[in-house]
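Undergrad: With positions in the sequence shown counted from 1, the corresponding number in this note's numbering is that position plus 13.
Heads up, the beta-carbon is just placed ideally off N, CA and C, and yes, glycines get one too.
As the structure is a computational prediction, the values presented were derived from the model and not from experiment.
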Amino acid sequence: MKFKVGDKVKIKPWDIAATIYTIDDKDAVLPYLVEDEDGQTSWWFEDELELINE
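Now the structure itself:
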């Protein structure tokens, strides 16, 4: 897995910042659950996320 829980990422299709909330590494179709700045959660593929350097 490229990311870990707590990592700050950019959701590329939406161009917004989010935090990795949960990772389902057991053959999940969409393994990363992220929470955006508004508290909304959504599942994403690894290639749709980009690590934000802080």
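Can you tell which of Glu63, Leu62, Asp28, Val47 has the C-alpha that lies nearest to the C-alpha of Ile36?
TA: Val47
Undergrad: What does the Cβ neighbour count give for Val42, buried or exposed, with the cut at 16 atoms within 10 Å?
TA: exposed
Undergrad: Identify whether Asp60 lies in helix, strand or coil by the three-state DSSP scheme.
TA: helix
Undergrad: So, for Glu50: in the same chain, excluding its five sequence neighbours on each side, which residues have a beta-carbon less than 8 Å away from its beta-carbon?
TA: Ile29, Ala30, Ala31
Undergrad: Give me whichever residues DSSP pairs with Tyr34 in a beta bridge.
TA: Partner(s): none; Tyr34 has no beta bridge.
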